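In our numbering, the protein residues as written are 3 to 281.
Here the structure comes first, spelled out in structure tokens, and everything after it is commentary.
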Amino acid sequence: MRLLEAIIDANHRALAGDTNAGLHPAEFENELPLIALTCIDVRLNSLLPQVLGVPQEQFIWLRNAGNIITGPQSSTMRSLSLACAVKGGKEIAIIGHTDCQVGKTTTMQLLERLRAIGVERHMLPDNLNEFFGMFGSERQNVIKAAEIARQSPLIGPKIPIHGLLVDVESGKLDWLVNGYQAAETMTTRWNEFVKSAGQTVDKLKSLSDFNIGEMKFPETKIGETVTKAEDWVAQKVQKLEMKPTTPPEPPTEKTPFTPPRIPLPPPIRPKVHLRRGPK
Ligand SMILES: [Zn+2]
Numbered sequence: 003m004r005l006l007e008a009i010i011d012a013n014h015r016a017l018a019g020d021t022n023a024g025l026h027p028a029e030f031e032n033e034l035p036l037i038a039l040t041c042i043d044v045r046l047n048s049l050l051p052q053v054l055g056v057p058q059e060q061f062i063w064l065r066n067a068g069n070i071i072t073g074p075q076s077s078t079m080r081s082l083s084l085a086c087a088v089k090g091g092k093e094i095a096i097i098g099h100t101d102c103q104v105g106k107t108t109t110m111q112l113l114e115r116l117r118a119i120g121v122e123r124h125m126l127p128d129n130l131n132e133f134f135g136m137f138g139s140e141r142q143n144v145i146k147a148a149e150i151a152r153q154s155p156l157i158g159p160k161i162p163i164h165g166l167l168v169d170v171e172s173g174k175l176d177w178l179v180n181g182y183q184a185a186e187t188m189t190t191r192w193n194e195f196v197k198s199a200g201q202t203v204d205k206l207k208s209l210s211d212f213n214i215g216e217m218k219f220p221e222t223k224i225g226e227t228v229t230k231a232e233d234w235v236a237q238k239v240q241k242l243e244m245k246p247t248t249p250p251e252p253p254t255e256k257t258p259f260t261p262p263r264i265p266l267p268p269p270i271r272p273k274v275h276l277r278r279g280p281k
């Protein structure tokens, strides 16, 4: 059983009253730490990472309003990428939650509330919905974020990217996007991408004394290379977008999706007891 399968299984068993349900972190050394992107909702403060059964020291927690990923090169993607590359995160879970106010607030309400804190309409970007990432469905928002993250060149195919929804009342987890499945199809696409990028480098090499070692910027800190890194990423994204096998659009409300079936697991030795949510 893989990490997320075990997490979901333990979560559902705990909710069903199994007091022995829990995750044994030692069995998942190769799949932890887990990186999570969640909303800023304060109700999540006490809910996570307990409902996952993941120990705090194995839980890398990123938050933004609405657990939104606005684009493959967004600030959140940068943090997710570094969480993997620098902090050793092995899997990513984008975790939406029920009753999210970012999803419930209409554009008119948002404008009123911004005005109440002294922000007038003319001070704001034209496309409010796009800028603030307002959404109508928590589930679709998670699925969309997982799609964008999966397509981002900043996350390699070895990192599964899951989509979950947590019920803030009960702590129940719904597995909306199975990152293990997506990673398999992505690996093929990624290999094509790397191959074509390699061909480009070969062409550059033939034109000049291009030294690939120079791309490492060894003397500079991460923050100082942002501009160059963005250029690099922009080129890669452009290449990805130019490919005829462009990744599919994020699913719309109409697209049906089937949550994965959780295989019946062998008994798990209890270690981390899940906190049961209020009834
Ligand atoms: Zn929220």
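Backbone N, C-alpha and C define an ideal beta-carbon position, used for all residues, glycine too.
All figures in this text were calculated on a predicted structure; none of them were measured in a lab.
Look at residue 62 here: in three-state DSSP terms it is strand. Bridge pairing for residue 126: absent [DSSP]. For the pair residue 8 and residue 25, the Cα-to-Cα distance works out to about 7 Å. Here residue 156 carries a coil assignment [DSSP, helix/strand/coil]. Taking the Cα positions, residue 126 is about 12 Å away from residue 132. For residue 170, the Cβ stays outside the 6 Å cut-off from all heavy atoms of ligand 1. Only buried fits residue 153, as 16 or more other CB atoms lie within 10 angstroms of its CB. Among the bridge pairs identified by DSSP, residue 176 is matched with 167. In the structure shown, residue 100 adopts coil according to DSSP, grouped into three states. CA-to-CA, the gap between residue 110 and residue 101 works out to about 19 Å. Distance from the CA of residue 181 to the CA of residue 124, rounded to the nearest whole angstrom, comes to 41 Å. Distances between the C-beta of residue 104 and the heavy atoms of ligand 1 include at least one below 6 Å. Annotated as proximal: residue 97 and residue 38, with beta-carbon spacing under 7 Å.
The residue from 36, 76, 164 and 71 with its alpha-carbon nearest to that of residue 58 is 36.
In this structure, 176 is the residue among 151, 176, 10 and 129 with its C-alpha nearest to the C-alpha of residue 140. Distance check between residue 162 and each of 115, 171 and 95 places 95 closest, using alpha-carbon atoms only. Judged by DSSP secondary structure, residue 78 falls within the alpha helix (DSSP H) whose first and last residues are 77–87. Under DSSP, residue 5 forms no beta bridge with any residue. Judged by DSSP in its simplified three-state form, residue 36 adopts strand. When 4, 64 and 159 are compared, the shortest CA-CA separation from residue 77 is found for 64. Per the DSSP secondary-structure output, residue 95 pairs in a beta bridge with 38 and 164.
Of 44, 183 and 135, the smallest CA-CA separation from residue 72 is found for 135.
Collapsing the DSSP output to three states places residue 137 in coil. Residue 146 is classed as buried because its beta carbon has at least 16 other beta carbons within 10 Å across all chains shown. For residue 43, the shortest separation between its Cβ and any heavy atom of ligand 1 lies below 6 Å. By the CB criterion at 7 Å, residue 148 and residue 165 fall inside the cutoff. Between residue 160 and residue 62, the alpha-carbon positions lie close to 18 Å from each other. Shown here, residue 112 sits in a helix according to DSSP, grouped into three states.
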